[in-house]
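Inspection log for the structure reproduced underneath, given as structure tokens.
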Amino acid sequence: MRALAVTPTYNEIENVEALITTFLDAAPGVDILIVDDASPDGTADIVSTLKEKEPRIHLLKREGKRGLGLAYVDGFEWALKQGYEAVFSMDADLSHNPSDIPRLMSLLEECDVVVGSRYVGGRVSVINWPISRLILSVLAGKYVRLITGLRLSDPTSGFRGFRANVLKSIGLDTIKSNGYSFQVETLYRAHRCGFKIAEAPIVFTERREGKSKMSLSIILEAAVMPWRLRLKPFKPATYSNAR
């Protein structure tokens, strides 16, 4: 299965080279696409230099800071145009371990979407998080499950893999969310389309370098989005969940 990992970046110069180097060793045969929002710190320059020596590295430059959700949309659409059969979403700060990708990819043989869960089986698998962040994450998951009906232990996880037919079916061009709520909206749409969603345990490690992109506006969007999904459910047009 031809696979690609999509990783949005903005001012990740402290992490991006380590991420790519680790990824190339940990996920053999899988390509990586960096979607950079004109990072003023030179993130894209580092990627450009690395990609000259390695054909598995790809770079999509965008004009200005346009947000996480739209970065993933552009990256997913690029992947579909290039004919990839499986597409992963992954953070740039090594909080998601690239070594998990082969295991997640193997699960896509049996399902349509696989979510890397920090809480599967009732276990908490996070490193270097303050208790306040952990509580917020756990409560956010419960909030999303209650409102949307998604029966997953970690519906807000950003580490996941999609079969290409899922991305073709969920209406990427109509995605409304721009921050971390993008994770919930795409998962909800896949659920509404009838695709099989599975979870696999991962360990999430808080970033060591750079700054988190979390902000009040992102938190507010994440609080409102589940209600938008509930009050105006996504209606699949034509789709196929056949393998």
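Using our numbering, the letters of the sequence shown map in sequence onto residues 88 to 330. Every residue, glycine too, gets a C-beta built ideally from N, C-alpha and C. Bear in mind the structure is a predicted one, so any value in this text is a computation, not a measurement.
Span separating the alpha-carbon of residue i from that of residue j
{"i": "S327", "j": "Q169", "result": "For S327, the predicted model reports a pLDDT of 46, less than 50, meaning its position is unreliable and no value from the coordinates is stated."}
{"i": "E141", "j": "A309", "result": "37 Å"}
{"i": "G209", "j": "L239", "result": "11 Å"}
{"i": "L167", "j": "I133", "result": "25 Å"}
{"i": "T109", "j": "E101", "result": "14 Å"}
{"i": "R317", "j": "E139", "result": "46 Å"}
{"i": "R232", "j": "H278", "result": "12 Å"}
{"i": "D112", "j": "K319", "result": "43 Å"}
{"i": "F321", "j": "Q270", "result": "15 Å"}
{"i": "S126", "j": "E99", "result": "8 Å"}
{"i": "T130", "j": "L155", "result": "16 Å"}
{"i": "V174", "j": "G228", "result": "23 Å"}
{"i": "A287", "j": "T235", "result": "21 Å"}
{"i": "D241", "j": "G203", "result": "8 Å"}
{"i": "G258", "j": "V211", "result": "33 Å"}
{"i": "L221", "j": "V213", "result": "8 Å"}
Where the beta strand (DSSP E) containing residue i begins and where it ends
{"i": "F249", "result": "247 to 250"}
{"i": "D118", "result": "117 to 123"}
{"i": "H278", "result": "Looking at the DSSP string, H278 is not in any beta strand (DSSP E); the run it does join, the alpha helix (DSSP H), is 268 to 279."}
{"i": "G288", "result": "Checking the displayed sequence, the identity of residue 288 turns out to be Pro instead of Gly. Unbroken beta strand (DSSP E) run through P288: 284 to 288."}
{"i": "S204", "result": "200 to 204"}
Residue i and residue j closer than 8 Å at C-beta
{"i": "A92", "j": "V122", "result": "no"}
{"i": "V201", "j": "G248", "result": "yes"}
{"i": "L147", "j": "I107", "result": "no"}
{"i": "N215", "j": "E293", "result": "yes"}
{"i": "M177", "j": "M88", "result": "no"}
Spatially closest choice to residue i from the options, by CA coordinates
{"i": "A251", "options": "I289, I306, I234, E172", "result": "E172"}
{"i": "R205", "options": "V174, S244, E197", "result": "S244"}
{"i": "V311", "options": "F282, T273, E293, S268", "result": "S268"}
{"i": "R295", "options": "E150, S182, Y159, D187", "result": "S182"}
{"i": "D161", "options": "I144, D260, K283, W314", "result": "D260"}
{"i": "E164", "options": "I218, T136, S256", "result": "S256"}
{"i": "V253", "options": "V290, F246, Y230, L195", "result": "L195"}
{"i": "N265", "options": "S304, I289, S176, E104", "result": "S304"}
{"i": "S186", "options": "F291, L223, E150", "result": "F291"}
Under the three-state DSSP convention, the category residue i falls into
{"i": "V211", "result": "coil"}
{"i": "T243", "result": "coil"}
{"i": "A131", "result": "helix"}
{"i": "P313", "result": "helix"}
{"i": "I257", "result": "coil"}
{"i": "P185", "result": "helix"}
{"i": "F321", "result": "coil"}
{"i": "A173", "result": "strand"}
{"i": "K263", "result": "coil"}
Boundaries of the alpha helix (DSSP H) in which residue i is found, first to last residue
{"i": "L191", "result": "188 to 194"}
{"i": "G228", "result": "218 to 235"}
{"i": "K168", "result": "155 to 168"}
Below-8 Å beta-carbon distance, residue i vs any chain B residue
{"i": "V201", "result": "You won't find chain B in this structure, because it holds only one protein chain."}
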